[in-house]
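Protein chains in written order, with the working numbering: chain A, 106 to 412; chain B, 106 to 412. Ideal placement from N, C-alpha and C gives every residue a C-beta, glycine not left out.
Printed below as a string of structure tokens:
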């Protein structure tokens, strides 16, 4: 799957990922009305609205991009119907040949991490049958519990040729509270990054590892150091656009080969129609606004990489 | 909800929590057969078996205990039907007046943590209606992202009078890999513990805070230090029994008032019928074996606290 991600980035010339993190407030009125008319103002109605919204954005952008990153929390907030919309979104994106990164940030002790790995990346055995419940291609995981909380994910990734992005340095303002604290003179995120590089050796693709890292766009100096610490790991870089990052700040997240990072934008793409610069599209043509926003993001990042 | 937890611990004289972490291999053959006969060897069949198994354990133990802790990963591995069984288990335990700690270990950047908080502890707005999707009483959360990843959970807890257990020192063998690293001469888990105590001040119950900590039973010396660092925080203590902890090792997790900790056992209770010492019950009477195992655990811990 890391080989497919690399190949798709090369084909599209777009090292970006669209974050499918729908809030109900992003969904245009005409979609909400239709879903509520069919299912009522219920969790099913909300989940249907989110799904219809996603589908239109995917239909308008899938040919431009290598990957999407649905954030499961945005679906989980609508309970079971929301999670069914998550699964449907994953399946639909895979039909469109997109690589799907489930942003689930799971992580627990060994046997429990094994259950999460099974549910999201693997297959669960039921009697003589087996099923792949959420079947993402990659997921994000949290490293706080150390190696025996991560290994079960890596085991399933090896079986299924799937991958991980492990939280190293997150994009949020207080990420430094624990992640930046110095241990033997170096910040915790560097120690985690080194460990990601070591875990990555256990499951290599052709040129990059199946085991990558999450490194926020909002801390470019740290990104530079982490790029060098994990030369064979892809960096998933959230925080572009709405959270403040820009193409020119992100060059140091990439390797000399122009690869090694994939930059996520969520709100900036999926709620593009709400921005003043895209207002000519209006809520009815929100999918077209998302497409133009994707093109602008690709131009910004590809332009910065060329310079 | 922390006041209810304290009251129920005092009533039952049992500072314990039963971990509802079913693996299919724990479920007796006669239950599996019945569920597969009704739903086939499907995710629905597995989820039904898990639910029937839980129900019988709850029915045999609810009057002895204050709380249960379903581990969501064990349900999530069966996809949507599994998560529906999780929700049904939460609801059933609440009908039995048990306090429900959802062991979900979520945690993300601010807006995403807010969505998790809504889905698990709060209410989500859909048009003019609102719904409480998973409605646990407490959940576990991961602190790696710092304060702005935790605050949205605390906000919802304040509105709903619900609570958190934040990972501080976990029970697994490699928990020390990052958690024990020294920062200014003190291990990371102490810094996290201090922060939990500070967060706890924001949402106090009568005698304890709504914001507690997860501290593994497998590291009693560290438990002792953390007990003092967070005097008003309840400690949720996993790792008793199957993972190696014993009553006599756990006294230091409690305050002088005999409160302040709640010890979890999962496999040791729910799969008790598989142990040699409870084999007289057999798979058919697994619920009775669980009841006797609960009584033994209470005697072990209450006995140790009296000495």
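Between the beta-carbon of residue i and the beta-carbon of residue j, is there less than 9 Å?
| i | j | result |
| --- | --- | --- |
| residue 120 of chain A | residue 363 of chain A | yes |
| residue 319 of chain B | residue 293 of chain B | no |
| residue 247 of chain A | residue 277 of chain B | no |
| residue 283 of chain A | residue 301 of chain B | no |
| residue 243 of chain A | residue 331 of chain A | no |
| residue 231 of chain B | residue 117 of chain A | no |
| residue 229 of chain B | residue 376 of chain A | no |
| residue 134 of chain B | residue 388 of chain B | yes |
| residue 279 of chain B | residue 305 of chain A | no |
| residue 311 of chain A | residue 108 of chain A | yes |
| residue 358 of chain A | residue 329 of chain A | yes |
| residue 175 of chain A | residue 158 of chain A | no |
| residue 185 of chain A | residue 270 of chain A | no |
| residue 402 of chain A | residue 324 of chain A | no |
Taking its Cβ as the centre, do 16 or more other Cβ atoms sit within 10 Å of residue i, making it buried, or is it exposed?
| i | result |
| --- | --- |
| residue 112 of chain A | exposed |
| residue 290 of chain A | exposed |
| residue 182 of chain A | buried |
| residue 336 of chain B | exposed |
| residue 333 of chain B | exposed |
| residue 140 of chain A | buried |
| residue 241 of chain A | buried |
| residue 327 of chain A | buried |
| residue 412 of chain B | exposed |
| residue 309 of chain B | exposed |
| residue 178 of chain A | buried |
| residue 153 of chain A | buried |
| residue 405 of chain A | buried |
| residue 168 of chain B | exposed |
| residue 381 of chain A | exposed |
| residue 274 of chain A | buried |
Assuming the contact rule is C-beta atoms closer than 8 Å, residue i and residue j should be a hit. Round their C-beta distance to whole Å, please.
| i | j | result |
| --- | --- | --- |
| residue 250 of chain B | residue 213 of chain B | 7 Å |
| residue 187 of chain A | residue 371 of chain A | No, residue 187 of chain A and residue 371 of chain A are not in contact; Cβ-Cβ is about 17 Å, not under 8 Å. |
| residue 173 of chain A | residue 155 of chain A | Not confirmed; about 14 Å, so no contact. |
| residue 395 of chain A | residue 194 of chain A | About 15 Å; that fails the 8 Å criterion. |
| residue 313 of chain B | residue 365 of chain B | 7 Å |
| residue 398 of chain B | residue 383 of chain B | 7 Å |
| residue 356 of chain B | residue 409 of chain B | 5 Å |
| residue 354 of chain A | residue 322 of chain A | 7 Å |
| residue 225 of chain B | residue 209 of chain B | 6 Å |
| residue 258 of chain B | residue 220 of chain B | At roughly 11 Å, the Cβ-Cβ gap does not stay under 8 Å, so residue 258 of chain B and residue 220 of chain B are not in contact. |
| residue 317 of chain A | residue 338 of chain A | 5 Å |
| residue 198 of chain A | residue 170 of chain A | At roughly 10 Å, the Cβ-Cβ gap does not stay under 8 Å, so residue 198 of chain A and residue 170 of chain A are not in contact. |
| residue 261 of chain A | residue 227 of chain A | 4 Å |
| residue 288 of chain B | residue 129 of chain A | Not a contact, Cβ separation roughly 41 Å. |
Under 7 Å between beta-carbons, which chain A residues line up against residue i? List them in chain order, please.
| i | result |
| --- | --- |
| residue 146 of chain B | 231, 232, 233 and 234 |
| residue 141 of chain B | 232 |
| residue 151 of chain B | 231 |
| residue 364 of chain B | None at all; the shortest Cβ gap to chain A is about 26 Å. |
By the criterion of Cβ-Cβ separation under 8 Å, what are the contact partners of residue i in chain A?
| i | result |
| --- | --- |
| residue 247 of chain B | 210, 212, 247 and 249 |
| residue 221 of chain B | 178, 181 and 182 |
| residue 296 of chain B | 283 and 286 |
Identify the contact partners of residue i in chain B, using a Cβ-Cβ distance below 8 Å as the criterion.
| i | result |
| --- | --- |
| residue 238 of chain A | 148, 181, 182, 183, 184, 185 and 187 |
| residue 155 of chain A | Under the 8 Å cutoff, chain B gives no residues; its nearest Cβ is about 11 Å from residue 155 of chain A. |
| residue 69 of chain A | Because chain A spans 106 through 412 in this model, residue 69 of chain A falls outside it and cannot be assessed. |
| residue 410 of chain A | Per Cβ cutoff of 8 Å: no residues; residue 410 of chain A is ~26 Å from chain B at best. |
Would you mind telling me which residues of chain B sit closer than 7 Å to residue i, beta carbon to beta carbon, in chain order?
| i | result |
| --- | --- |
| residue 215 of chain A | 277 |
Would the beta-carbon of residue i be found less than 8 Å away from any heavy atom of the ligand GTP?
| i | result |
| --- | --- |
| residue 170 of chain B | The model on display carries no ligand, and the ligand GTP is accordingly not part of it. |
In chain E, which residues lie less than 9 Å from residue i when you measure between Cβ atoms?
| i | result |
| --- | --- |
| residue 124 of chain B | Judged by its chain identifiers, the structure shown contains no chain E, and its protein chains are A and B. |
Counting only Cβ pairs nearer than 9 Å, list the residues of chain B close to residue i.
| i | result |
| --- | --- |
| residue 331 of chain A | Ordered by position in chain B, no residue passes the 9 Å Cβ test against residue 331 of chain A, which lies about 16 Å from the chain. |
Using a Cβ-Cβ cut-off of less than 7 Å, give me the residues of the region 170-203 of chain A that come near chain B, in sequence order. The region 170-203 of chain A vs chain B, Cβ under 7 Å: 176, 178, 179, 181, 182, 183, 184, 185, 188, 189 and 192.
Quick one: which residues of the region 268-289 of chain A get their C-beta closer than 9 Å to a C-beta of chain B? List them in chain order. Taking 9 Å as the Cβ-Cβ cut-off against chain B, the residues of the region 268-289 of chain A that qualify are 272, 275, 276, 277, 278, 279, 280, 281, 282, 283, 284, 286, 287, 288 and 289.
With 8 Å as the limit, tell me which residues of the region 252-266 of chain A have their beta carbon closer than that to any beta carbon of chain B; keep them in chain order. Against chain B - using a Cβ distance shorter than 8 Å - the residues of the region 252-266 of chain A are 252, 253 and 254.
Contact set between the region 295-321 of chain A and chain B, restricted to residues whose Cβ is under 8 Å from the partner: If the cut-off is 8 Å between Cβ atoms, the region 295-321 of chain A has 296, 297 and 300 near chain B.
Mind checking the region 335-356 of chain A against chain B and listing, in chain order, the residues whose C-beta falls within less than 7 Å of any C-beta there? For the region 335-356 of chain A, the beta-carbon criterion of a distance under 7 Å to any beta-carbon of chain B is satisfied by none of its residues.
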